[in-house]
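According to our numbering, the sequence shown is numbered sequentially starting from 266.
Don't be surprised by glycine CBs; every beta carbon is placed ideally from N, CA and C.
These figures come from a predicted structure and were not determined experimentally.
Here's the structure, in structure tokens; my notes come after.
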Amino acid sequence: MACVVFQSGGQDQERKHKKRRGELYSVQTSLIVAALKKMLPIGLNMCTPGDQELISLAKTRYLLKDTDDEVKDHIHQNLHLREKSEDPAVRWQLNLYKDILTKTEGAPDPNRVVDRIQRISAAVFNLEQVRPHTS
266 MACVVFQSGG QDQERKHKKR RGELYSVQTS LIVAALKKML PIGLNMCTPG
316 DQELISLAKT RYLLKDTDDE VKDHIHQNLH LREKSEDPAV RWQLNLYKDI
366 LTKTEGAPDP NRVVDRIQRI SAAVFNLEQV RPHTS
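Have a look at this one:
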């Protein structure tokens, strides 16, 4: 009788890994997303209350499946809301930011402001849509 030795044919080869539904992102990507989500409130504190209100409005527009151009138009139409507030604490903060901005860069260009708010709101919206990998 001959003795037959069976060897695994895939010992030297890496096994192919099928992606499961929950594994859309790598661990590194998930860590980056988690870090950005943790740092997001700190970054948003650098915006004026008016900018934060416009970012919130723009996020709502993204939830309604608007395009980037439609969101920019909506921000541009509501740009006047940046400086409107009845709360004295918010008015004080707006005046402080206005003084700082005019000393450093002069009067802000409305198109640059709209672009900046649109980019921030798009990033915030996309970060809120992604759920990082949990281990």
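* Nonlocal neighbours in the same chain, by C-beta distance under 7 Å from K324, ignoring five residues either side -> S386, V389, F390
* Cα-Cα separation, L305 to R384 -> 14 Å
* Given that a residue counts as buried once 16 or more other Cβ atoms are within 10 Å of its Cβ, and exposed if not, what is F271? -> With a pLDDT of 48 at F271, under the threshold of 50, the modelled position of this residue cannot be trusted, and the question is left open.
* Asked: G315: buried (16+ other C-beta within 10 angstroms of its C-beta) or exposed?
  -> buried
* Asked: L344 and V378 look like a contact to me (Cβ under 8 Å); what is the Cβ gap, rounded to whole Å?
  -> 7 Å
* Asked: Exposed or buried, L319, counting other C-beta atoms within 10 Å across all chains shown (16 or more means buried)?
  -> buried
* To do: Return yes when the Cβ of I297 is within less than 7 Å of the Cβ of I340, no when it is not.
  => no
* To do: Express the C-alpha separation of K303 and Q310 in angstroms, rounding to a whole number.
  => Here residue 310 is Asn; the residue named in the question, Gln, does not match the sequence. Each residue's alpha carbon lies about 13 Å from the other.
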